[in-house]
Amino acid sequence: MGFPILSAICFMPILTALIVFFIPQHNLRALKTVPIVMMGLNLILSLYCFISYDVAAGGFQFMEKIAVVPDLGINYIMAVDGISMPLVLLTSMIIFAGTCISFDMDDRVKEFYIFLMILVTGVYGVFLTQNLLFFYIFFEFALVPMYPLIGIWGSKRKEYAAMKLVLYLLIGSVFVLIGIITMYLYAAQPEALGFYTLDMQALFDVNYPANIQIFVYGLMALGLGFLVKMFPFHTWSPLGYAAAPTAVSMLHAGVIVKLGGYGLIRLAVSCFPDGAHFWAPVIALLCMVNIVYGACIALVQHDLKLLVGYACVSHMGYILLGVATLNAMSLSGAVSQMVAHGLMTSCYFALIGYIYHQAGTRDLTRFQGLAKQMPKMAVAFSMVSLACLGLPGMFNFVAEFLIFMGSFTSEKVIFGFLSYRVLSIIAISGIVITATYCLRAVRRMFMGPRDPQWDHMKDIHGIYLVAPVVLLAGLLAFGIWPYHITDMVQSGVAPMLVKLSQSTMGGIF
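This is the structure:
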């Protein structure tokens, strides 16, 4: 085994936390600079892996394996495939941007960065590990630090938001744990593998009975539904966004909620094709509520963070639609949408956080004419708003197009008359509502006469400008040249399609 690059990426944040721990509390510049430098190095490592990934070969690459407790099937395994590799790069881009935009942090800086680094280690671990025990451990690592990060450094109703967020997500994780234990115990049966294992690649090859597939997929969909904000388990999310500090909002919206979609595809769809087909109509109907309801609620919000928070609820519906359609185009679109949505929402929160730090308010109705003193901010905010509404040239358009084409061409029917084509038309209508609140926010904040009360506000500059530049560059690069990332995703989805095509299970309706 060569240089363990994936372990380096995963545990670089822990190393950063240790370095920060030994820096004196009064040395604020070092406390803020070290995470930026270390996460910049992590971004370079992730880019190297992304560029070096052999799309033609596909499968799991950069494999690292160490036996821990072999008799119980517990092994330390790190690897990436076409699904997880783009999400690892996404995480690196967002945490680097988050450390840059947090340079104005001045309250308990050391503790903030330590908790932030622990959180991002959990996110990396979920995307990189190939052992279910470590998957669950990293999953909890990504959730628990959210409580102090929001409860201490948050704003508006931060204690309530932190408690609600963590309780909802921990309840969901219990259902995921029950599903994992069921997979582990069945794999040891003589008709399955005949030995205990938690290695995902071994569990992928187990032919689970239909009743177990339906049961465990339902548990996974319920548990991960809390995280992916599937209606009606979404209520924790907008409050969490609104209360969280900027970097935490970026990670929360950009990658943490994507853990739910990733878990659904990596665990539930891959291992339980019969269960996926059985529950697909339920997920398809619920995601329609996500799309339309989330967009309509965003339409009436005045708090900028709540507006983007409910927009996220709406856009996660598109990911769920891709997962529910279960064909090559829609699943590829769902993973691509995770990347596009992560870049877009984290950029939104970076810009909103910068404005809030200077203005002391996020009330949309109080701003006007900001483009005159903040032209760079106006350009960046307008670009990310155009990405949100799916403008061609941005990666969001590519991802949503794949999802809509996949669902529109699906021949599945719910209740005997409601086709996926109708659902895709409803989903597309959500774009109209999205365009309304995005363009209205741009017009209200940046157009019109200059308001003297905001003359003290400075345009985004210096280290703070790095965040929107990096994130918007990703949206544009993947939007103009999408083939490398979409081909990579398709290589990861291909093995699942073989199992899905062999399933004869119909939907619940």
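Going by my numbering, the sequence shown opens with residue 1045, and the numbers climb by one from there.
Don't be surprised by glycine CBs; every beta carbon is placed ideally from N, CA and C.
Computed from a predicted structure; not experimentally measured.
Checklist entry - For A1378 versus G1305, is the C-beta spacing smaller than 8 Å? => result Cβ distance < 8 Å, so A1378 and G1305 count as in contact.
Checklist entry - What first and last residue would you give for the beta strand (DSSP E) that runs through A1111? => result 1105–1113
Checklist entry - My guess is that L1213 and L1271 are in contact by the Cβ rule of under 8 Å, so how many angstroms apart are they, rounded? => result 6 Å
Checklist entry - For I1110, which residues from the same chain have a beta carbon less than 6 Å from its beta carbon, with the 5 sequence-adjacent residues on both sides left out? => result Y1120
Checklist entry - Per DSSP, A1462 is paired with what? => result According to the sequence provided, residue 1462 is Leu. The question's Ala does not apply to it. In DSSP, L1462 forms a bridge with I1458.
Checklist entry - Considering only C-alpha positions, which residue in the set L1085, N1255, Y1464, I1309 is nearest to V1537? => result I1309
Next on the checklist: Can you give me the C-alpha to C-alpha distance between A1368 and W1323, rounded to a whole angstrom?
Outcome noted: 8 Å
Next on the checklist: For D1243, list the residues DSSP reports as bridge partners.
Outcome noted: N1175
Item to check | Beta-bridge partners of I1067, as assigned by DSSP | outcome: Answer is none; I1067 lacks a bridge partner.
Checklist entry - Using a Cβ-Cβ distance under 8 Å, would H1385 count as near chain C? => result Protein chains in the displayed structure number just one, and chain C is not present.
Checklist entry - According to the Cβ coordinates, are A1339 and I1447 closer than 8 Å? => result With contacts defined as CB atoms closer than 8 Å, A1339 and I1447 fail to qualify as a contacting pair.
Checklist entry - What number of angstroms, rounded off, separates the C-alpha of T1389 from the C-alpha of Q1534? => result Whole-angstrom Cα-Cα distance: 24 Å.
Next on the checklist: On a Cα-Cα basis, can you pick out the residue from A1291, L1087, L1089, V1064 that is closest to T1077?
Outcome noted: V1064
Checklist entry - Among Y1168, I1067, N1086, N1440, which has the Cα closest to the Cα of I1524? => result The residue from Y1168, I1067, N1086, N1440 with its alpha-carbon nearest to that of I1524 is N1440.
Checklist entry - Touching or not, the segment 1224–1242 and the segment 1253–1270, by the rule of three or more beta carbon pairs under 8 Å? => result yes
Next on the checklist: Pop quiz: V1124 and F1106 are said to be a contact at Cβ under 8 Å. What is the actual Cβ separation, rounded to whole angstroms?
Outcome noted: 6 Å
Checklist entry - When burial is assigned at 16 or more other CB atoms within 10 Å of the CB, is Y1068 buried or exposed? => result Position check: residue 1068 holds Pro in this sequence, whereas Tyr was assumed. It counts as exposed.
Item to check | For N1371, the three-state DSSP class (helix, strand or coil) | outcome: Here N1371 carries a coil assignment [DSSP, helix/strand/coil].
Checklist entry - Excluding five sequence neighbours on each side, which residues of the same chain lie with their C-beta closer than 7 Å to the C-beta of I1118? => result Closer than 7 Å at Cβ, skipping near neighbours: V1112, N1175, L1177, L1242.
Checklist entry - According to DSSP, what are the bridge partners of I1121? => result K1109
Item to check | Nearest-angstrom Cα separation, counted from K1154 out to I1080 | outcome: Between the alpha carbons of I1080 and K1154 lies a gap of roughly 14 Å.
Checklist entry - If you compare alpha carbons, which of Y1230, A1186, I1504, M1532 is closest to L1420? => result Here residue 1420 turns out to be Lys, not Leu, going by the sequence shown. Cα-wise, what sits closest to K1420 is I1504.
Item to check | D1249 - DSSP class collapsed to helix/strand/coil | outcome: coil
Item to check | Three-state secondary structure (DSSP) of D1151 | outcome: coil
Item to check | Cβ separation of F1393 and T1279, assumed to be a contact under 8 Å, to the nearest whole Å | outcome: 19 Å between Cβ atoms; not a contact.
Item to check | Pairwise C-alpha distance: A1443 and A1320 | outcome: For A1320 and A1443, the distance between alpha carbons rounds to 21 Å.
Checklist entry - Which value, in whole angstroms, describes the spacing of the CA atoms of L1187 and L1131? => result 17 Å
Next on the checklist: Considering only heavy atoms of the ligand COA, does any lie closer than 7 Å to the CB of C1356?
Outcome noted: Inclusion of the ligand COA in the displayed structure is not the case, the ligand content being empty and no account of it being possible.
Item to check | Three-way DSSP call (helix, strand, coil) for D1499 in this model | outcome: For D1499, the three-state secondary structure derived from DSSP is coil.
Next on the checklist: Quick check on the DSSP output: the alpha helix (DSSP H) that includes W1525 runs from which residue to which?
Outcome noted: Segment: none, W1525 is in no alpha helix (DSSP H) and carries neither H nor E.
Checklist entry - DSSP on D1347, reduced to helix/strand/coil? => result strand
Next on the checklist: Counting C-beta neighbours from all protein chains within 10 Å, is the total for F1066 16 or more, i.e. buried, or is it exposed?
Outcome noted: Exposure of F1066 is indicated by the presence of fewer than 16 other C-beta atoms within 10 angstroms of its C-beta.
Next on the checklist: DSSP three-state label for D1407, please.
Outcome noted: Looking at D1407 - three-state DSSP - the assignment turns out to be strand.
Next on the checklist: Below 8 Å on the Cβ atoms is my contact criterion, and I expect Y1252 with Y1285 to pass it. Report the Cβ-Cβ distance as a whole number of Å.
Outcome noted: Rounded, the Cβ-Cβ distance is 37 Å, inconsistent with contact.
Checklist entry - What residues in its chain sit with their C-beta under 8 Å from that of L1435, if we drop five residues either side in the sequence? => result Around L1435: F1441.
Checklist entry - Per DSSP, what kind of secondary structure is M1449 in: helix, strand or coil? => result helix
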